[in-house]
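Here the sequence shown stands for residues 16 to 373, numbered as in the working numbering. We put the beta carbon where it would ideally sit given N, CA and C, even for glycine.
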Amino acid sequence: MTNFNIYSSRFGQSTDDLPEGEVNLYLTNERVQAVIDSNTNLFKLTDLSWNNITNKPSTFPPSTHSHSWTEITNKPTIFASDWANVADKPATATRWPTWSEVTSKPTTFTPSAHTHAWADITSGVPATASRWPSWAEVTSKPTTFTPSAHNHAWSEITSIPATATRWPTWNEVTGSPTTFPPTPHNHDASNITSGIIDVARLPAAALIGDTTYSAGSGLTLSGTTFSLPVATSGSGTFVTSITQTANGITANLGTPPNTTYSAGTGISLSGTTIINSAPHQSTNLSISGTGDTRTITSSTGTDVTIPVATTSTAGLMSLGDKTKLNGIAASANNYVHPTTDGNLHVPATGTTNNGKVL
16 MTNFNIYSSR
26 FGQSTDDLPE
36 GEVNLYLTNE
46 RVQAVIDSNT
56 NLFKLTDLSW
66 NNITNKPSTF
76 PPSTHSHSWT
86 EITNKPTIFA
96 SDWANVADKP
106 ATATRWPTWS
116 EVTSKPTTFT
126 PSAHTHAWAD
136 ITSGVPATAS
146 RWPSWAEVTS
156 KPTTFTPSAH
166 NHAWSEITSI
176 PATATRWPTW
186 NEVTGSPTTF
196 PPTPHNHDAS
206 NITSGIIDVA
216 RLPAAALIGD
226 TTYSAGSGLT
236 LSGTTFSLPV
246 ATSGSGTFVT
256 SITQTANGIT
266 ANLGTPPNTT
276 YSAGTGISLS
286 GTTIINSAPH
296 QSTNLSISGT
306 GDTRTITSST
316 GTDVTIPVAT
326 TSTAGLMSLG
336 DKTKLNGIAA
346 SANNYVHPTT
356 DGNLHVPATG
366 TTNNGKVL
């Protein structure tokens with residue numbers, strides 16, 4: 016706690032010692048002239064400047080006061096006033112301007128998004144807006160069109176190649192093989208005219224009632240089964256001969272003899288294989304030519320030209336001969352010899368006119 020000692024006298028040059036915690040205030044005309052604290056710190060009011068004051072606020076709210084007009088700076092030149100008190104107000108300040116009063120307005124206006132009924136369109140409607148365009152009015156159309164999937168009757172197809180109307184001839188078939196291995200098939204026994212049939216393929220004998228069988232020469236019999244013993248003799252892959260004995264047959268093996276083969280007409284030869292090079296041979300004939308001759312053309316053979324007939328060689332009738340033939344009237348060779356009187360001909364029979372000559 017601090018005790019303040021107040022003195023109503025001018026502060027002298029000397030100071031009094033103050034007890035701890037006391038402060039002397041020296042007043043003159045009710046104003047503090049100096050302050051002395053217990054630490055003998057002396058502050059004279061004449062020594063107090065604004066900078067010596069600590070903890071002073073940065074702003075001070077003003078108390079109620081007034082100013083003269085001349086003390087006010089940055090005054091506006093125009094001041095707000097009540098609208099009713101404003102005189103000489105222009106007419107445009109009291110209403111919206113008319114269209115003619117608006118200046119710098121555009122000549123055209125972009126319409127906002129909107130729609131119209133077709134009945135609202137009264138002019139400028141192109142003819143194609145109310146109908147489909149004609150083919151001539153369509154621009155940039157292609158010159159050709161890929162057809163959609165469709166079918167045609169055979170009668171509608173033109174320029175049909177000959178190969179589409181018939182089976183090809185053998186010579187027209189390309190890449191055909193020279194030989195044809197047979198597919199598996201069977202033959203009736205009557206179709207087999209040469210060679211040796213394996214006895215194993217012969218049907219077994221059937222026993223009908225009480226029948227006694229006996230084996231003939233070269234056969235063996237076991238029960239009701241006949242067997243034809245077959246043996247081989249010699250070595251090799253070629254059967255040179257077959258010998259029949261009482262015990263069966265023997266195939267004599269050896270080396271095949273050297274044989275030379277030659278191919279005839281329509282036959283080709285590959286090693287020891289003879290091939291019919293032109294099976295089912297056929298040809299197509301056509302006739303062409305002008306004038307007195309005609310040529311018979313063969314699709315597979317040699318063409319032949321038929322000449323005009325002569326007195327010694329048969330042939331075609333010439334144009335000249337046909338013209339002469341056409342000039343002979345029908346029944347032109349049905350000639351009747353006149354024999355009556357008055358004709359200047361030799362009578363055909365001995366009549367009273369006999370002796371007359373033409």
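- DSSP, read as helix, strand or coil, puts L300 in strand.
- Look at the beta carbons and you see the segment 232-242 touching the segment 256-268: at least three pairs across the two are nearer than 8 Å.
- Runs of the beta strand (DSSP E) spanning 3 or more residues and lying entirely within the segment 164-239 occur at 235-237, in chain order.
- When the beta-carbon positions are compared, A246 and V254 stay at least 8 Å from each other.
- The residue from G231, T109, A132, S256 with its alpha-carbon nearest to that of I211 is S256.
- Residue pairing by DSSP puts R309 in a beta bridge opposite I321.
- Three or more beta-carbon pairs separated by less than 8 Å are not found between the segment 172-181 and the segment 301-311, which leaves the two stretches without contact.
- The beta-bridge partner set that DSSP reports for N267 consists of S248, S256.
- In this chain, L331 is not harboured by any beta strand (DSSP E), its DSSP state being neither H nor E.
- With a cutoff of 8 Å on beta-carbon distance, I290 and S301 are scored as not near each other.
- The beta carbons of I321 and G330 sit closer together than 8 Å.
- When rounded, the separation of the alpha-carbon atoms in T325 and G342 is 20 Å.
- At least 8 Å separates the beta-carbon of V323 from that of S314.
- Nearest in C-alpha terms to T270, of all of W65, G249, S242, G279, is G249.
- In this chain, the beta strand (DSSP E) harbouring L284 covers 282-285.
- Assignment of beta-bridge partners to T288 by DSSP yields S285.
- Per DSSP, the beta-bridge partners of S242 are T235.
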